[in-house]
Structures are given as C-alpha cells and as structure tokens.
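Here my numbering is used: the first residue of the sequence shown is 363, the next is one more, and so on.
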Amino acid sequence: MITIVGLGPSGIDAMSAQAMRALESAEKLLVRTAEHPAAEELAARGLRFETFDDIYLSASEFAEVYQSIAFRVIGEARESEVTYAVPGHPLVAERSVALIVKLAREEGIPLKFAPSQSFVEACLETLAASVDDGLKLIDALAIASTLPASDCPNLIYQVYDRSIASDVKLALMEVYPDEFEVYVISGAGGADASVEKMSLYMMDHRDYDHLTSVYVPELETND
C-alpha cells in the first residue's frame with residue numbers, strides 16, 4: 363500500500379486533517395523535499411521522515427529526479443506500507459506522483475490519497491482571482507517547450523530562482539509586450555503571502571524562492 367499525502371501550499375495550518383492523520387500514522391514516511399514550510403514544521407515537532415533532496419543535488423535533470431523518486435517509493439512499497447508526501451495537492455503538478463501511480467498500477471500495488479489544498483487555489487486566493495475563463499498551468503522548467511495561452515490566464519510554478527525567472531520572462535516576451543503587467547506571488551497559502559505587480563521586463567530584477575509563482579493575466583485584444 364502507498365499512501366500519497368499532500369502537504370498543502372504552506373505550513374501545517376493549511377494542511378488537511380486527513381493529511382495530518384496520514385503523516386502521524388505512517389510506518390515509513392518519505393517526503394519529496396524538506397524545502398517546504400510544512401515539512402520544516404513537522405520536523406520541528408519531532409516527526410521522523412526521509413527526503414529525496416540528495417537526488418536533486420546529484421541528478422543532472424529533473425526527469426531523472428522524478429524517476430529515481432518513483433522507483434524508490436515503489437521499491438519500498440514492495441516490502442511494506444509506505445507514505446509519500448509532496449507539497450500542495452498530490453495530483454496537481456506533481457510529476458513524481460504521476461510516475462508512482464503508473465508504476466503502482468502496473469504492479470498491482472494499492473494506492474490511497476490524503477490530499478490538501480494545492481498551490482493553485484492558494485495563489486488564486488492571494489490574488490482574489492477567478493478561473494471562470496480558464497487557467498493554464500505551466501511548469502517554469504518547461505517554459506521553452508510550453509507556450510502560454512494568451513486567451514486565458516496562466517499560472518507559472520517552480521519559479522524558484524532569478525535564472526528561471528529570466529527564462530520565463532524571455533519566453534513570455536515572445537507573446538506579450540515588454541510592459542505587460544504580471545503578478546509575482548510569494549508564500550501563497552501562508553500568513554506572509556504577498557503579491558507584487560510588475561512589468562514583464564522587470565521579472566528577473568527580484569529574488570525568488572521555492573514558494574514563488576507567477577500569474578499572467580489574459581492578453582486583451584482590440585478585436
């Protein structure tokens with residue numbers, strides 16, 4: 363059995379009660395990364411778990427990271443019940459979970475989910491934005507091969523340093539004017555959540571971290 367838990371978008375206060383119970387009752391707890399407020403708070407409370415941060419440091423690309431994580435989780439699940447925790451909601455923008463689900467189904471390993479709110483809802487709440495007209499999610503690490511949709515808002519995640527922000531800026535400038543205004547969201551879901559509105563060309567003139575996303579509004583036309 364693999365129980366896949368969502369840690370929510372920020373600290374444990376934003377985590378679901380179901381997720382917390384799953385973590386506290388886990389026989390073997392694996393956490394994708396310790397670089398998340400909820401993981402830090404759980405460790406401070408004395409909850410013991412293993413992370414995959416060492417793989418991030420040794421792997422040459424993210425596809426290798428996610429594959430290594432999936433193989434490790436499946437390997438552990440062949441021996442005993444395992445709980446795997448990821449930031450946000452486990453079924454929203456979590457490549458390692460998608461790989462684990464695929465492999466588990468191939469091997470007949472039962473799956474159970476204990477979700478929490480994803481970063482998407484947290485970002486929209488911080489912005490007080492609606493998705494009535496649609497929303498496209500874009501992984502910043504795949505921005506070179508994933509074109510933004512100018513006819514609806516875009517939410518770009520994994521914008522965790524200035525170099526990635528620069529790549530995102532250059533890709534967006536192929537579609538939007540240099541002065542187009544975007545919203546940089548920091549710490550969505552937490553008490554210190556903030557939004558900074560700026561012109562597109564200024565995107566890489568600030569610092570970023572693992573809890574930063576960029577919201578790009580719909581490009582209005584005069585047609």
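Virtual Cβ for every residue (Gly too), placed ideally from N, Cα, C.
Can you tell which of ARG407, ASP540, GLU443 and TYR418 has the C-alpha that lies nearest to the C-alpha of GLU389?
Selected option, being the one with the closest Cα: GLU443.
Could you have a look at ASP540 and say whether DSSP puts it in helix, strand or coil?
In this structure, ASP540 counts as coil in the three-state DSSP scheme.
SER372: which of VAL521, GLY551 and GLU580 sits nearest, CA to CA?
Checked all of VAL521, GLY551 and GLU580; the closest Cα to SER372 is GLY551.
Under the assumption that GLN479 contacts ALA376 (Cβ atoms under 8 Å), give the Cβ distance between them as a whole number of angstroms.
Right, their Cβ atoms sit about 6 Å apart.
Rank PHE414, ILE500 and ALA384 by C-alpha distance to the C-alpha of VAL521 and give the top, closest one.
Nearest of PHE414, ILE500 and ALA384 to VAL521, Cα basis: ILE500.
What residue range is occupied by the uninterrupted alpha helix (DSSP H) comprising GLU386?
Start and end: 379 to 386.
If you draw a straight line from the C-alpha of ARG457 to the C-alpha of GLY368, how long is it?
Distance between the alpha carbons of ARG457 and GLY368 is about 13 Å.
Which residue wins for smallest C-alpha separation from LEU581, given the options VAL544, LEU532 and LEU385?
Closest by alpha carbon: VAL544.
Do THR445 and LEU486 count as a contact pair if the criterion is CB distance below 9 Å?
Not a contact, by the Cβ cut-off of 9 Å.
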